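So for the sequence shown, numbering that gives the first Met the number 0 puts the first residue at 0; every next one is plus one.
Beta carbons are placed, not taken as given, at the ideal position from N, Cα and C, and that holds for glycine.
Note that the structure is predicted; figures quoted are calculated from it, not measured.
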Amino acid sequence: MDNMGGLRKLYYIDADDFVSLDPAGNNLFELTLAEGATLTEIKFSQETGKISEVPDETDHGTLYNYEVSCIIPKCGPDNNTPFGNSKEKKLLLLGIDDNENIWLTGAPGSYFKIIQSGSTGTTAADINSRQLKISAALMTGSVFIVSPF
Numbered sequence: 000m001d002n003m004g005g006l007r008k009l010y011y012i013d014a015d016d017f018v019s020l021d022p023a024g025n026n027l028f029e030l031t032l033a034e035g036a037t038l039t040e041i042k043f044s045q046e047t048g049k050i051s052e053v054p055d056e057t058d059h060g061t062l063y064n065y066e067v068s069c070i071i072p073k074c075g076p077d078n079n080t081p082f083g084n085s086k087e088k089k090l091l092l093l094g095i096d097d098n099e100n101i102w103l104t105g106a107p108g109s110y111f112k113i114i115q116s117g118s119t120g121t122t123a124a125d126i127n128s129r130q131l132k133i134s135a136a137l138m139t140g141s142v143f144i145v146s147p148f
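Below, the structure written as structure tokens:
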């Protein structure tokens, strides 16, 4: 398979629904969520999603500067934004990239900064879109989910 860039799907899990995580190195073998917890999909325009995770060596160890960005199309009063007026939120993010790798990012107590900006767009597909950026400086990097959930 060719190496493909980009993000195919993006989900978030409210941190209150998170129970435990059992990583083995950089791979995830078990993710436990509270009963009734849901994975909420953030629907975005194809080929606009991107995940970036850059390690930064500091005096206190490695920080992972994480950012996911995408464009949410056709926003109106009923779907203005997936996060309301949040600026920071405790989440876990689950991203599926175009290589079919599944990334899980975040941990209990990790706050993600959420920035949204609106645009009328320049093409019909982008009319009334919102640029969404979710970022955090995390103590641990993303883990890959080994088998589907």
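Task: Met0, buried or exposed, once every other Cβ within 10 Å from all chains shown has been counted against 16 - done: The pLDDT assigned to Met0 is 42, lower than 50, so where the model puts this residue is not dependable, and the model offers no usable value.
- [ ] Within its chain, find whatever has a CB closer than 8 Å to the CB of Ile41; leave out the 5 residues flanking it on each side and keep chain order.
- [x] So the qualifying residues of the chain are Leu9, Tyr10, Tyr11, Cys69, Ile71, Pro81 and Leu131.
Task: Which of helix, strand or coil DSSP assigns to Ala14 - done: helix
Open item on the list: Bridge partners for Lys86 per DSSP, in chain order?
Closed with: In the DSSP output, where bridge partners are listed per residue, Lys86 has none listed.
Open item on the list: With H, G and I counted as helix, E and B as strand and the rest as coil, what does DSSP make of Ser128?
Closed with: For Ser128, the secondary structure class from DSSP, reduced to helix, strand or coil, is strand.
Open item on the list: So, with DSSP's three-state summary, where would you put Thr47?
Closed with: coil
- [ ] Out of Val67, Thr37 and Thr139, state which residue places its alpha-carbon closest to the alpha-carbon of Ile95.
- [x] Val67
Open item on the list: Just to confirm before moving on: does the CB-CB distance between Ala14 and Leu90 stay below 8 Å?
Closed with: yes
TODO: Report the option in Trp102, Val142 and Ala136 whose CA atom is closest to the CA atom of Glu56.
DONE: Nearest Cα to Glu56 within the set Trp102, Val142 and Ala136: Ala136.
Open item on the list: With H, G and I counted as helix, E and B as strand and the rest as coil, what does DSSP make of Met38?
Closed with: The question names Met, but residue 38 is Leu in the sequence shown. Three-state result, Leu38: coil.
Task: Three-state secondary structure assigned by DSSP to Thr139 - done: coil
TODO: Starting from Gly60, follow the beta strand (DSSP E) in both directions and report where the run begins and ends.
DONE: Gly60 to Ile71
Task: Selection from Leu93, Glu99, Gly60 and Thr47 that minimises the alpha carbon distance to Ala106 - done: Nearest C-alpha to Ala106 among Leu93, Glu99, Gly60 and Thr47: Leu93.
Task: Straight-line gap, Val142 to Thr47 (C-alpha atoms, nearest Å) - done: 22 Å
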